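Note sheet for the following structure.
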Amino acid sequence: MKHILELSHTKAFDFLLQGASYSTITLPIYFDFSNILDFVKTKIGSKDFSVCLKDKNVFPSDFDNVNYHLLMNKDGRYAYRPLQLANPYLYYFLAREITKYENWELLKKRFGEFENRNCEVVSIPQINDDKDENITATSIKSWWEHIEQRSIELSLEYKYIFVTDITNCYGSIYTHSISWALHGIEYAKEHKKEKNLGKLIDTYIMGMQYKQTNGIPQGGVLFDFIAEMVLGYSDLLLYEELQRIGITDYKILRYRDDYRIFSNSKEELEKIAMTLQTTLAKLNFQLNSSKTKLSEDIIENSVKADKLFYIANLPIYKGEETVFNTLQQELLYILCLSKQYPNSGTISKLLTIFLKRISAKEHLLENVGVLSAIVVEIAMNSPKVYSLTVSIISNLINHLDTTEKREAMAKNICNKFSRLPNIGYLQLWMQRITFQMHTSMGYTEPLCEIVENKPNVQIWNNEWLKDEYTAEFPLYSMCTNWLRDTFTPIINIDEVSIFDY
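All residue numbers in the sequence shown are consecutive under full-length UniProt numbering, ending with 501.
Here's what the structure looks like:
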């Protein structure tokens with residue numbers, strides 16, 4: 001499977017300008033940003049950034065809300081994941097700058113310098129061989145093959161494993177460190193006024209976030225790639241420091257901010273862990289203490305805890321078959337698992353199996369209200385599975401025999417969800433099943449207002465651009481005609497399931 005650095009500069013640009021690369025957020029099927037990106041590409045073309053400014057002394061960094069922020073509840077309580085849809089104009093300028101021939105050659109050379117024999121990195125954005133497979137599925141397969149399976153394999157060579165990850169990785173990236181990563185920290189600090197690639201990336205990102213220098217957007221392939229620039233630099237710094245102190249017999253597997261480090265010496269592994277911590281601290285990163293451990297049990301620590309629990313509790317499931325007597329029993333089992341392992345891949349897998357089963361039923365003998373209540377509780381424990389739980393809810397509601405009952409049930413579910421903070425992302429999915437219902441659900445998320453075709457909705461602040469470039473901007477085209485032409489209140493499994501389990 002190819003990764004982005006194996007593409008030519010022109011093909012890399014085309015890849016980044018695809019709607020699926022622009023946003024990797026799982027949204028309802030009718031959202032498509034291709035028309036907007038094509039419009040920007042046509043309007044801007046090869047024009048210089050400065051030519052497009054309304055005032056040569058006023059920059060996007062002088063404005064708030066240049067990017068669109070979508071808050072996704074993270075734990076069913078107050079924590080949230082701040083997803084972003086990058087301003088399409090700044091996104092275009094940034095993608096164009098990165099994929100200019102000379103800059104692309106610099107990046108390929110620099111990433112080559114980051115590589116070393118002790119560290120295997122598998123999180124550089126990859127290109128799908130299967131055009132029907134989404135980017136998220138490609139990433140998960142890569143993690144499974146190159147992190148989990150490779151970790152188990154390395155148990156034959158090493159005795160100890162150190163597992164850790166970085167706390168709030170994207171939110172911690174210091175934008176000036178991008179220039180350090182691409183040009184070296186000493187050079188970057190001595191040439192602050194030089195308009196090199198690192199400085200330009202830094203400037204565009206600050207333009208997206210009101211001059212803020214801490215953190216980069218998350219929710220798109222381009223920003224995953226930029227994160228890899230800084231993380232790759234940390235790999236190089238770590239390797240050089242370990243070489244300096246004479247530690248050479250170890251192996252690191254890294255998938256973005258997730259580390260697995262192997263050694264035959266516990267003492268050396270502890271030194272590697274300390275060196276990693278100090279190296280990352282120089283780049284404004286911190287290790288997540290709650291996910292950090294050193295162990296002799298490499299195989300058990302190579303497989304995620306939720307997956308081990310699931311395997312240990314077989315044969316409750318065998319393929320898509322189950323020993324549960326009722327749907328309610330099965331959902332209660334998933335609910336218990338979601339409380340023990342919230343937001344886990346196993347919850348996604350079991351909900352997908354359940355969704356397949358419920359989708360195939362023509363008649364439902366069990367109480368729809370009871371089943372829906374359990375599904376809602378699962379969603380509140382595991383926000384990562386919002387799309388799957390809402391798909392199940394759409395199938396359950398469909399078994400109610402009148403429109404009034406279906407709308408009343410949907411209203412009750414919306415009211416329950418509304419008690420959670422940061423539910424903009426969840427509103428998008430609830431709107432997917434309630435779009436044609438007559439009862440008002442009170443969705444306040446601006447993307448929901450786009451779907452409802454409300455006037456004067458602002459998603460991105462483009463006041464810094466000349467009017468000629470924003471005139472006739474096709475904002476509402478992000479919501480396609482699918483709603484008008486093909487809408488069904490039942491969410492098909494293909495819309496929400498990453499894999500065909």
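Positions of the beta carbon are idealized from the N, C-alpha and C atoms, including for glycine.
Small disclaimer: the values here were computed from a predicted structure and weren't measured.
Nonlocal neighbours in the same chain, by C-beta distance under 8 Å from residue i, ignoring five residues either side
i	result
L388	S348, L351, T352, L355, V496, S497
T488	none
H3	I124, P125, Q126, I127
I378	L331, I334, L335, S338, I347, L351, V385, T389
Distance CB(residue i)-CB(residue j) smaller than 9 Å
i	j	result
A12	I98	yes
L172	Q286	Here the sequence assigns Ser to residue 172, which means Leu is not the residue at that position. Contact: yes.
L238	T279	yes
G442	M409	no
I161	N301	yes
L53	W464	yes
L107	Q84	no
Y158	K304	no
residue 516	N128	Because the chain is modelled from 1 through 501, residue 516 falls outside the range shown and cannot be assessed.
I216	T175	yes
S290	N343	no
Y476	E445	no
Y101	I44	no
F39	F473	yes
K74	N422	yes
K266	L294	yes
Exposure label - residue i; buried when at least 16 CB within 10 Å
i	result
Q243	exposed
K199	buried
H438	exposed
V390	buried
P28	buried
H363	exposed
M478	buried
G345	buried
G246	exposed
I311	exposed
D306	buried
M206	buried
A79	exposed
M72	buried
W482	exposed
Q209	buried
W144	exposed
Q340	exposed
V51	exposed
Q458	exposed
Contacts around residue i, its chain only, beta-carbon distance under 7 Å, and the 5 residues preceding and following it disregarded
i	result
Y501	Low local confidence applies: a pLDDT of 45 at Y501 is under 50, so the model's placement there is unreliable, with the coordinate-based value given in what follows. Cβ neighbours of Y501 beyond the five flanking positions: K349, T352, I353.
S234	T279, L280, L283
V58	W464
T213	Y174, T175, H176, M206
Among the options, nearest to residue i - alpha-carbon criterion
i	options	result
M229	M208, K2, I201, D297	I201
A95	P474, T403, I334, F225	F225
D257	F39, V451, V121	V121
R150	D32, I299, E268	I299
D64	N87, E268, K43	N87
L428	L420, E468, E449	E449
S46	M380, N492, Y469	Y469
E153	F49, R110, N73, R260	R260
Y146	K56, R254, Q218	In the sequence on display, residue 146 carries His and not Tyr. Closest by alpha carbon: R254.
L396	S372, N412, T402, K411	S372
N118	D249, F33, V51	D249
Delimiting residues of the beta strand (DSSP E) encompassing residue i
i	result
M72	68–73
R117	Run containing R117: none; DSSP gives neither H nor E here.
S295	293–295
V375	Taken as a continuous stretch (DSSP letters only), V375 belongs to no beta strand (DSSP E), being part of the alpha helix (DSSP H) at 368–381.
T164	160–165
L238	Here L238 belongs to no beta strand (DSSP E); instead the alpha helix (DSSP H) covers 221–244.
Q84	80–85
Residue range of the unbroken alpha helix (DSSP H) whose run includes residue i
i	result
S263	Element bounds for S263: not the alpha helix (DSSP H) but the beta strand (DSSP E), 258–263.
I252	I252 -> not in any alpha helix (DSSP H); beta strand (DSSP E) instead, spanning 251–255.
Q329	327–340
P446	446–451
Q277	266–282
Q436	Unbroken run through Q436: none, as it is neither H nor E.
L16	9–16
W464	Element bounds for W464: n/a, residue is neither H nor E.
Residues near residue i by beta carbon distance below 6 Å, same chain, minus five either side
i	result
K416	V376
H399	L364, V368
L269	Y160, F162, S263
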